[in-house]
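Below you'll find the structure, written out as structure tokens, and then a few comments.
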Amino acid sequence: MSELTSGSPPRRQIVRPLIAFWHSLDWPLRVAVGILLVFVIVALLGPMIAPHDPLKGSLRARLLPPAWQEGGQWEYVFGTDRLGRDILSRIIAGARISLTVCVLVIAIAGTIGTAVGTIAGYFGGWADRVLMRLVDLALSLPVILLALLLGAISGPSFANIIIVISLTLWSQYARMARGETLKIRNEDYVDLARTSGLSDLRIIVRHIMPNIAPALIVIATLQVGVVIVLEASLSFLGVGVPPPAPSWGSMVADGRSYIASAWWLCMVPGMAILITVMAVNLLGDALTDRINPALRGRNI
Amino acid sequence: MVNIVVTRVIEALIALVMMSLVIFFLSRLTGDPVALLLGDGATEADKLALIRELGLDQSIFVQYLTFLGNALTGDFGRSVTAGNQPALELILSRLPASLSLAGVALAFTVLLGVLFGVMAALRHNTAVDVLARLIALIGQSVPSFWLGIVLMYIFAVQLRWLPTSGYGEWQHYILPAATLGLFTLAAITRLVRSSMLEAMGSEYIKLARVKGLSEHAVVWKHALANSLIPVVTFMGTFFAVMITGAVIVETVFSWPGIGRLAYESILSRDFPVVQAVVLVITALFIIANLLVDILYLVIDPRMRSRG
């Protein structure tokens, strides 16, 4: 019996839908996809393509303006900071930090949130009530304050920001997973799986999760931008990624007092955040429109 | 309806107690409060005296009850850094600055957001719509700490139209309120635009047109009234965004509110103030959500029977 109900679905093609997806995009979305590809490739290759060491500066090259400005050098395209470190190399290293935080947070928050949401939706009753109270509580946590508190107690650390950001974002997956599970838990194929004696865990993993995955992927996409901005904000406040690691947020903080004399210290990392997050949000909105149109304009 | 309100109030109280537990255990279990309060130069005798004074020789459960009891009477202890002032007094003196900033920001963003959203929906797929969507996209994506610095550089340093920081005159509100409000402005524009588009194609709008109502009445009375409901549901979220945003915006613009107080007290490890400020902000949060829930019951009659 079990081969009938739990056999793996036929392998879907991957390349052709991707090409079809690309052809269905209008030009702003193609630009957004391009920007994101550049972001991911730069983050993955990191040190291999950075022209200089992001942590070591040259004292003879302090506060150089970007290359297209008077006094700039093409060796340092986006200029250098007050320690003579190459801004471009630091932006590249910062991309890797942002991407790492995004992947870890979305993996942790997504796993916890999905588990809580499907359990609440599938079993209902008191489990649902208790778990959803927990979700409400998580929604009422002031993120930045919690991060500041943890940062002040144990010092800025990579683990801290992952924990704090995951702690505040898992609830969105839980809400969505619960709602979607409620929609399908009484469908015929779930009933069939239940009567054929499959365990609850197996039903949730094999039959519920694949069907609620698209909605969760939309949330994950929309959260990428949120995570990048949160990480940068925490690093800006000094409780994020510990120095001297070049987070985009701490680069803005470093350049803040030089804004009148060396604007590029602030502008370049700020633009990096803005452009990346805009691209992600544009793509997230497009995915929402396709996968879950009821949420259009409501994904805040 | 009274029943629903009572349930919501009880739920809000439970959430507040849970939050006090989180704050208490976070600050007790993750660090030694004596070391945090006394700093490095303390003697052994100082430590013992403080342990007794704080009741740290009691069980953790008794300690929590004492903390909760004191908190309920408004006693969070005294600030370690700010001239030994009671923590709650310090917070209350900073609250008006924060609330007025958030109020100004919220009022303008709701007005402008509704206006932009309606304009974009009425001129769907024209330049106005594209512009509104672009503003919404930027507002949704720009990190507020950076926006604050950029606005300050352009309007205060370069153009000298507005002061860089300070508090008291109306000019001081413009840049911080703009920075604080842009995200919410973007969110409201998106919400109103999408629900107006939905409403304009609906049956009751067709009926209103058939009845011969003026276009003005159709748009601003019938369509908008229903389009505002999602805005109200998100008011709690917007308030949360403003409060969290306040920590960053107040720090960037040196605004004398509770956001900057939270930041400074955490950096200087002033734990009585930290505990109090986190609890007060959470309470504001929960109260705002409660008010939104009740407001929702008032404006949307369908919700009253559901609970």
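Line by line, the protein sequences are chains Y and U. According to my numbering, the first sequence is numbered sequentially starting from 1. According to my numbering, the second sequence is numbered sequentially starting from 1001. Glycine residues also receive a C-beta, built at the ideal position from the N, C-alpha and C atoms.
Can you tell me whether DSSP reads residue i as helix, strand or coil?
i              : result
residue 1086/U : strand
residue 1190/U : helix
residue 1329/U : Nothing about residue 1329/U can be reported from this structure: the residues present for chain U run from 1001 to 1307 only.
residue 281/Y  : helix
residue 1142/U : coil
residue 52/Y   : coil
residue 173/Y  : helix
residue 1214/U : coil
residue 1125/U : coil
residue 1253/U : coil
residue 1160/U : coil
residue 68/Y   : coil
residue 1234/U : coil
residue 157/Y  : coil
residue 1073/U : coil
residue 1092/U : helix
residue 1302/U : helix
residue 231/Y  : helix
residue 22/Y   : helix
residue 6/Y    : In this prediction, residue 6/Y scores a pLDDT of 47, lower than 50, which makes its location untrustworthy; no coordinate-derived value is stated.
residue 1/Y    : Residue placement at residue 1/Y is poorly supported in this model, since its pLDDT is 42, which falls under 50; the coordinates still yield a value, given next. In the structure shown, residue 1/Y sits in coil (DSSP, three-state: anything other than H, G, I, E or B).
residue 1169/U : coil
residue 1293/U : helix
residue 1057/U : coil
residue 237/Y  : coil
Tell me, please, which residues DSSP counts as bridged to residue i.
i              : result
residue 80/Y   : 86/Y
residue 185/Y  : Answer is none; residue 185/Y lacks a bridge partner.
residue 290/Y  : According to DSSP, residue 290/Y bridges with nothing at all.
residue 1078/U : 1086/U
Let me check understanding here. Comparing Cα to Cα, which of the options lies closest to residue i?
i              : options                        : result
residue 1193/U : 1098/U, 1106/U, 1185/U, 1117/U : 1117/U
residue 27/Y   : 289/Y, 163/Y, 279/Y            : 279/Y
residue 165/Y  : 121/Y, 109/Y, 201/Y            : 109/Y
residue 1196/U : 1237/U, 1021/U, 1122/U         : 1122/U
residue 137/Y  : 171/Y, 162/Y, 150/Y            : 171/Y
residue 1132/U : 1149/U, 1281/U, 1114/U, 1205/U : 1114/U
residue 1135/U : 1109/U, 1207/U, 1284/U, 1291/U : 1109/U
residue 216/Y  : 40/Y, 49/Y, 232/Y, 169/Y       : 169/Y
residue 133/Y  : 242/Y, 21/Y, 120/Y             : 120/Y
residue 227/Y  : 55/Y, 84/Y, 97/Y, 25/Y         : 97/Y
residue 56/Y   : 147/Y, 145/Y, 35/Y, 81/Y       : 81/Y
residue 249/Y  : 91/Y, 19/Y, 106/Y              : 91/Y
residue 1278/U : 1043/U, 1087/U, 1205/U, 1221/U : 1087/U
residue 1165/U : 1061/U, 1049/U, 1240/U, 1253/U : 1253/U
residue 1272/U : 1154/U, 1179/U, 1075/U, 1052/U : 1075/U
residue 42/Y   : 116/Y, 89/Y, 213/Y, 163/Y      : 89/Y
residue 225/Y  : 283/Y, 23/Y, 200/Y             : 283/Y
For residue i and residue j, what's the separation of their Cα atoms in angstroms?
i              : j              : result
residue 1009/U : residue 127/Y  : 22 Å
residue 6/Y    : residue 205/Y  : In this prediction, residue 6/Y has a pLDDT of 47, which is less than 50 and means its spatial position is unreliable; what the coordinates show is noted afterwards. Their backbone Cα atoms lie some 10 Å apart in a straight line.
residue 1225/U : residue 1288/U : 22 Å
residue 253/Y  : residue 259/Y  : 10 Å
residue 1264/U : residue 229/Y  : 21 Å
residue 1064/U : residue 1096/U : 30 Å
residue 77/Y   : residue 58/Y   : 15 Å
residue 246/Y  : residue 52/Y   : 13 Å
residue 3/Y    : residue 198/Y  : Residue placement at residue 3/Y is flagged as unreliable, the pLDDT there being 44, under the threshold of 50; the coordinate-derived value follows with that caveat. Residue 3/Y and residue 198/Y: Cα-Cα distance of roughly 11 Å.
residue 1292/U : residue 195/Y  : 44 Å
residue 1112/U : residue 1140/U : 15 Å
residue 281/Y  : residue 176/Y  : 19 Å
residue 130/Y  : residue 207/Y  : 24 Å
residue 47/Y   : residue 93/Y   : 7 Å
residue 1297/U : residue 1230/U : 13 Å
residue 31/Y   : residue 1143/U : 21 Å
residue 291/Y  : residue 1283/U : 37 Å
residue 1017/U : residue 146/Y  : 16 Å
residue 1120/U : residue 1228/U : 15 Å
residue 117/Y  : residue 135/Y  : 9 Å
residue 142/Y  : residue 202/Y  : 36 Å
Under 9 Å between beta-carbons, which chain C residues line up against residue i? List them in chain order, please.
i              : result
residue 1138/U : This model lacks chain C altogether; the protein chains it does include are Y and U.
Inset, instruction - Please determine if the stretch 1156 to 1171 of chain U and the stretch 264 to 274 of chain Y are in contact, where contact requires at least 3 C-beta pairs separated by less than 8 Å. - result: no
Legend entry - Inter-stretch contact (C-beta, 8 Å, three-pair minimum) for the stretch 1204 to 1221 of chain U and the stretch 1244 to 1253 of chain U: no
Legend entry - Stretch pair the stretch 237 to 244 of chain Y + the stretch 58 to 68 of chain Y: three plus CB contacts closer than 8 Å: no
Inset, instruction - Answer yes if the stretch 184 to 195 of chain Y comes into contact with the stretch 275 to 289 of chain Y, meaning at least three C-beta pairs across the two stretches below 8 Å, and no otherwise. - result: no
Legend entry - At least 3 beta-carbon pairs within less than 8 Å: the stretch 68 to 84 of chain Y vs the stretch 177 to 184 of chain Y: no
Inset, instruction - Tell me, please, whether the stretch 1257 to 1272 of chain U touches the stretch 1078 to 1094 of chain U by the rule of three or more beta-carbon pairs shorter than 8 Å. - result: yes
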